[in-house]
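Data block below; observations after.
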Amino acid sequence: TMLLASAFLANQPGGTEVLNSTDFVYDYTDPMWVKTFAEIQKWFQNYTTDNAIGAAYADAANNFLNKRTAIIANGPWMTAAFSDTSKAPEGFEKKVGASIYPGGVALGSATGYYYWIPKKLSDEKTEAALAFLEFINSPEELEAYMVAEGGYAPNIKTSDDFLSKFGPILGDLKKDVKENMNEFTQSLGKIWPPQIVNSEFGRNLPLLANGSMTPEEFAKQLTEKAQKFK
């Protein structure tokens, strides 16, 4: 839901500027937010399964892999499950395509991290850790990572046969990014305070979905909560 909401907001005037904020955002009463929440409400009421609210990832993935839903908002790492017959019907991968979000929106973060070097290591271990980081972030390794799990590294010069290494699904995504991406932006999880991401958004979502709360009321409620966490 948060990924779709991020894409909806990115399509609103001024939305990408908000999403690319380097600070937390605490006010969601602007019309761009209300329209985003209205779109979420519409999708819950018309375009998904009855158990979408509160469903675990396994439930959402299972619905998609067994053709009970037509799309799933997720990362390219999921594509490995499409050809896994313990999770999806045989041949399922041949029926799936991939794209960025409508409006030419791609979601991601350039501030991701995977490895840490702890303090107080010996000089020898620190040097070894730095050598590993240099290796794992080399163009060759980044290319191998993108081929295995998808991804986008616009500043990396890739090999001549890079695109030919992709399977059809990740190839679709790579082609869409190259030809149709208008906006590359963060998701809401990067600009909302943790209390909104981890608690308040999900707590109020059922009320928005079932119509007990209007998009305007939802925006006001989240804003009032967020103000307490400044």
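When the count follows the working numbering, it moves up by one through the sequence shown with no breaks and lands on 509 for the last residue.
Ideal placement from N, C-alpha and C gives every residue a C-beta, glycine not left out.
All figures in this text were calculated on a predicted structure; none of them were measured in a lab.
- Looking at the DSSP output, Glu462 shares a beta bridge with Val384.
- According to the DSSP assignment, Gly468 belongs to the alpha helix (DSSP H) that extends over Leu467 to Ile470.
- Considered as a whole, the region 322-402 harbours 384-386 as its complete beta strand (DSSP E) runs of no fewer than 3 residues, in chain order.
- Assigned with DSSP and collapsed to three states, Ile435 falls in coil, not helix or strand.
- Around the C-beta of Leu412, fewer than 16 other C-beta atoms lie within 10 Å, and the residue is accordingly described as exposed.
- Straight through space, the alpha carbons of Gln320 and Asn489 are spaced by roughly 8 Å.
- Boundaries for Lys507: no alpha helix (DSSP H) harbours it, and the DSSP string shows neither H nor E there.
- Counting along the chain, no alpha helix (DSSP H) covers Asn290, and no H or E run does either.
- In the three-state scheme derived from DSSP, where H, G and I count as helix and E and B as strand, Phe441 is classed as coil.
- By the criterion of at least three beta-carbon pairs nearer than 8 Å, the region 391-410 is not in contact with the region 368-380.
- Look at Tyr424 here: in three-state DSSP terms it is helix.
- The way I'd put it, the region 310-325 does touch the region 479-497; three or more beta-carbon pairs between them come closer than 8 Å.
- Taking every protein chain shown into account, the CB of Ser466 has 16 or more other CB atoms within 10 angstroms, so this residue is buried.
- Proximity to Val313 across Gln291, Asp455 and Lys504 peaks at Gln291, based on C-alpha coordinates.
- Look at the beta carbons and you see the region 322-342 not touching the region 301-312: under three pairs across the two are nearer than 8 Å.
- Note on geometry: alpha-carbon atoms of Asp306 and Glu503 lie some 8 Å from one another.
- Looking only at Gln500, Ala432 and Ala349, the smallest Cα-Cα distance to Asn325 is reached by Ala349.
- Between Trp356 and the set Met281, Ile448, Ser285 and Ala367, the nearest pair of CA atoms involves Ile448.
- Relative to the Cα of Gly387, the nearest Cα in the group Leu501, Val456, Lys509 and Phe303 belongs to Val456.
- In this structure, Lys444 lies near Val426, with their beta-carbon atoms less than 8 Å apart.
- Of the other Cβ atoms in all chains shown, 16 or more fall within 10 Å of the Cβ of Ser285; this residue is therefore buried.
- Residue range Phe480 to Ala488 is occupied by the alpha helix (DSSP H) that includes Phe480.
- Distance from the CA of Phe287 to the CA of Gly450, rounded to the nearest whole angstrom, comes to 24 Å.
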